[in-house]
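Colleague:
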Amino acid sequence: MNAMPPQVLECLSQNDGSWVNRLLASLVLAGSLAACGGGGSGLGHSGAGVHSGMPNELPSPNPVAVVLAKPVLSFTDTGLSVSDGVTRIGAWQVSSLVGWEYSFDMGVTWTRGEGDFFDVRGDGAKSIWVRARDDLGRTSEIVMVSCVLDTTPPAPVQAEVATQELTRLVRVSGIEPQGSWEYSMDDQRTWWPGTGNRLAVLGNALPVMWLRQVDLAGNPSPFERVNLMEPGSPTWHEASGNPIQPSMLSLQQARTVVLHGSVVRGDADYIRWEIPVGQRLQALRLVHYVSPDPIAFFALQRAPVFDAGIDVNRMLVYGHMGPQDLKRNVLKDVAAGQLTAGPMTLWFQQTGPQATEYAIELVFAPVE
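Counting in my numbering, the sequence shown runs from 1254 upward without gaps.
1) Name the one or two DSSP bridge partners that Ser-1500 has.
2) If contacts are defined as beta-carbon pairs under 8 Å, then Tyr-1232 and Gly-1447 qualify, I think. What distance do you get, rounded to the angstrom?
3) Could you tell me which residues DSSP puts in a beta bridge with Ile-1395?
4) Check this for me: beta carbons of Leu-1579 and Gln-1505, under 7 Å apart or not?
5) Tell me which same chain residues have a C-beta within less than 6 Å of the C-beta of Met-1397, skipping the five on either side of it?
6) From this set, Ile-1342, Gln-1554, Ser-1426 and Val-1530, which residue's C-alpha is nearest Asn-1472's C-alpha?
7) Beta carbon of Thr-1420, beta carbon of Ser-1515: below 7 Å?
8) Which residue from Tyr-1571, Gln-1602, Val-1540 and Ser-1493 puts its Cα closest to that of Glu-1614?
9) For Asp-1468, I'd like the list of residues in its chain whose CB is within less than 6 Å of its CB, leaving aside the five on either flank, ordered along the chain.
10) With distances taken between CB atoms, is the gap from Leu-1512 to Ile-1524 smaller than 7 Å?
11) Between Arg-1518 and Trp-1489, what straight-line distance do the alpha-carbon atoms span, to the nearest angstrom?
12) Quick check: Ala-1510 and Ala-1453, are their CB atoms within less than 7 Å of each other?
13) Assuming the contact rule is C-beta atoms closer than 8 Å, Pro-1576 and Pro-1547 should be a hit. Round their C-beta distance to whole Å, please.
14) Measure the CB-CB distance between Gly-1332 and Ala-1470 and report whether it falls below 7 Å.
15) Can Ser-1399 and Ser-1380 be called in contact, C-beta distance under 7 Å?
16) For Gly-1605, which residues of its own chain have a beta-carbon under 7 Å away from its beta-carbon, when the five flanking residues on both sides are left out?
17) Short of 7 Å in beta carbon distance, which residues of its chain neighbour Val-1616, apart from the five on each side in sequence? Order them along the chain.
18) Excluding sequence positions up to five away, which residues of its chain have a Cβ less than 6 Å from the Cβ of Ser-1327?
19) Take Val-1461 and list the residues in its own chain whose beta-carbon comes closer than 8 Å to its own, dropping the five residues that flank it on each side.
20) Taking just the CA atoms, how far does Ala-1322 sit from Gly-1291?
21) Could you check what DSSP says for Pro-1484 in three-state terms: helix, strand or coil?
22) Taking 7 Å as the cut-off, decide whether the C-beta atoms of Ala-1549 and Met-1568 are in contact.
23) Report the residue from Phe-1559, Asp-1376, Gln-1602 and Phe-1551 whose alpha carbon sits nearest the alpha carbon of Leu-1584.
24) List in chain order: all unbroken beta strand (DSSP E) runs of 3+ residues lying wholly within the region 1526 to 1609.
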């Protein structure tokens, strides 16, 4: 066996004396001989086959891990609440910088997404996982969401009609838990929310009312038709044109009331009601208006008759009323104390020569 070159022994004798390990390193990396002063013979030649040609080359560092951004999800929460996760619309929107995939079984199986949305199908509670996925198969953190899908319309409401003096009273029942009911006075073009379980109606302009319920997810039921026109019946009533003898509306514990009529120049409507103790008039708004003339006039006096004449200081609220006022609560700025128990009389009039068909909604609520 040839003697070990002195350069190698010199290298091995340095530092901590761990010569065995360093000997092995010297045999593998012949370039270390040159660093110690040896170089042209012996182990320098025998190690030439593994020499990289770059004696000062350093091992490459570990590659940097790629972190994909999580996708952003959104959906349409429908119905009575827009934050309860209950919806009738199964589409979920997905925003992702790369591709994405989703799972309906908690990650057991994944489906590659296409475009920017996917659909949830089948009524019931849903657990949804979504993650980004690039072309190399790398995935992001999972976004976990849930919702309750309900696409089934509820049953029609039940409407029981009764007569109380000049007022037609409609009792509404069959509403689902957490559901609501609505009514329409214009052949289902516009729907208005009902309050409580009764609807009182007085007038002689609109022959039909439509009722429906809306469930928690926002699904409307088939409609229920309620006939209002009964010639000869006291409930098909043209409101009084005498301010000292207004027509009397009977509330019968109804919290939603509709007054409807047709007026023209020289034909005003005067209607009176009594706000019960413990209740307040919460809203008075126009819900129907048909006329070539866009301007009518209304006024409200806190009295059993309308004897204010044209003295606006004796009126609780007054002004023009037309299509631009649909949905507007004209009592919004009236002091609450002026809207509690006691008599009130409404004056509605068209000063022009063209007939105006109208419907006004009253909403009552408990005193807070």
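No residue lacks a Cβ here, since even glycine has one placed at the ideal position from N, Cα and C.
Modeller: With the structure as the only source:
1) Here residue 1500 refers to the residue found at position 247 of the sequence shown. DSSP lists Ile-1524 as partners of Ser-1500.
2) Coverage of the chain is limited to positions 1254 through 1621, which leaves residue 1232 absent and any answer about it impossible.
3) For the purposes of this step, residue 1395 is taken as the residue at position 142 of the sequence shown. For Ile-1395, which the question treats as bridged, DSSP gives no partner whatsoever.
4) Here residue 1579 refers to the residue found at position 326 when the sequence shown is read from its first residue. Here residue 1505 refers to the residue found at position 252 when the sequence shown is read from its first residue. Not in contact: Leu-1579 and Gln-1505 (Cβ atoms no closer than 7 Å).
5) Position 144 of the sequence shown, counting from 1, holds the residue named residue 1397. If we look at Met-1397 and ignore the five residues flanking it on each side, its Cβ neighbours are Trp-1382.
6) Looking up residue 1472 in the sequence shown gives position 219. That would be Ile-1342, whose Cα lies nearest to the Cα of Asn-1472.
7) For the purposes of this step, residue 1420 is identified with residue 167 of the sequence shown, where counting begins at 1. For the purposes of this step, residue 1515 is identified with residue 262 of the sequence shown, where counting begins at 1. Result no, Cβ atoms of Thr-1420 and Ser-1515 do not sit closer than 7 Å.
8) Position 361 of the sequence shown holds residue 1614. Selected option, being the one with the closest Cα: Val-1540.
9) Taking the sequence shown and counting its residues from 1, the one referred to as residue 1468 is at position 215. Excluding sequence neighbours, Asp-1468 sits near Pro-1407, Glu-1429 and Gly-1432.
10) Residue 1512 sits at position 259 when you count from the first residue of the sequence shown. Residue 1524 sits at position 271 when you count from the first residue of the sequence shown. In contact: Leu-1512 and Ile-1524 (Cβ atoms closer than 7 Å).
11) In the sequence shown, counting from the first residue as 1, residue 1518 sits at position 265. In the sequence shown, counting from the first residue as 1, residue 1489 sits at position 236. Cα to Cα, the separation comes out at about 22 Å.
12) On the sequence shown, position 257 is the one that residue 1510 refers to. On the sequence shown, position 200 is the one that residue 1453 refers to. In the sequence as displayed, the identity of residue 1510 is Val instead of Ala. Against a cut-off of 7 Å, the Cβ pair of Ala-1453 and Val-1510 comes out as a contact.
13) Walking along the sequence shown from the start, residue 1576 turns up at place 323. Walking along the sequence shown from the start, residue 1547 turns up at place 294. That belief holds up - the Cβ atoms of Pro-1576 and Pro-1547 are roughly 6 Å apart, short of 8 Å.
14) Residue numbering aside, residue 1332 sits at position 79 when the sequence shown is read from its first letter. Residue numbering aside, residue 1470 sits at position 217 when the sequence shown is read from its first letter. Yes.
15) Against the sequence shown, residue 1399 aligns to sequence position 146. Against the sequence shown, residue 1380 aligns to sequence position 127. Yes, these two residues count as a Cβ contact at 7 Å.
16) In the sequence shown, counting from the first residue as 1, residue 1605 sits at position 352. Only Arg-1518 and Asp-1546 meet the Cβ criterion.
17) For the purposes of this step, residue 1616 is taken as the residue at position 363 of the sequence shown. These residues qualify, in order along the chain: Thr-1448, Arg-1508, Thr-1509, Gln-1535 and Ala-1536.
18) Here residue 1327 is taken as the residue at index 74 of the sequence shown, counted from 1. Hits under 6 Å: Gln-1346.
19) Mapped onto the sequence shown, residue 1461 falls at position 208. Asp-1440, Arg-1478, Val-1479, Asn-1480, Leu-1481 and Met-1482, listed in sequence order.
20) Taking the first residue of the sequence shown as position 1, residue 1291 is located at position 38. Taking the first residue of the sequence shown as position 1, residue 1322 is located at position 69. With a pLDDT of 44 at Gly-1291, under the threshold of 50, the modelled position of that residue is not reliable, and the figure given next carries that caveat. For Gly-1291 and Ala-1322, the distance between alpha carbons rounds to 54 Å.
21) For the purposes of this step, residue 1484 is identified with residue 231 of the sequence shown, where counting begins at 1. Pro-1484: coil per DSSP, three-state reduction.
22) For this step, residue 1549 is matched to residue 296 along the sequence shown. For this step, residue 1568 is matched to residue 315 along the sequence shown. Cβ atoms of Ala-1549 and Met-1568: not closer than 7 Å.
23) By one-based count along the sequence shown, residue 1584 stands at place 331. Comparing Cα positions, the closest option is Phe-1551.
24) 1532 to 1543, 1549 to 1554, 1570 to 1574 and 1595 to 1602
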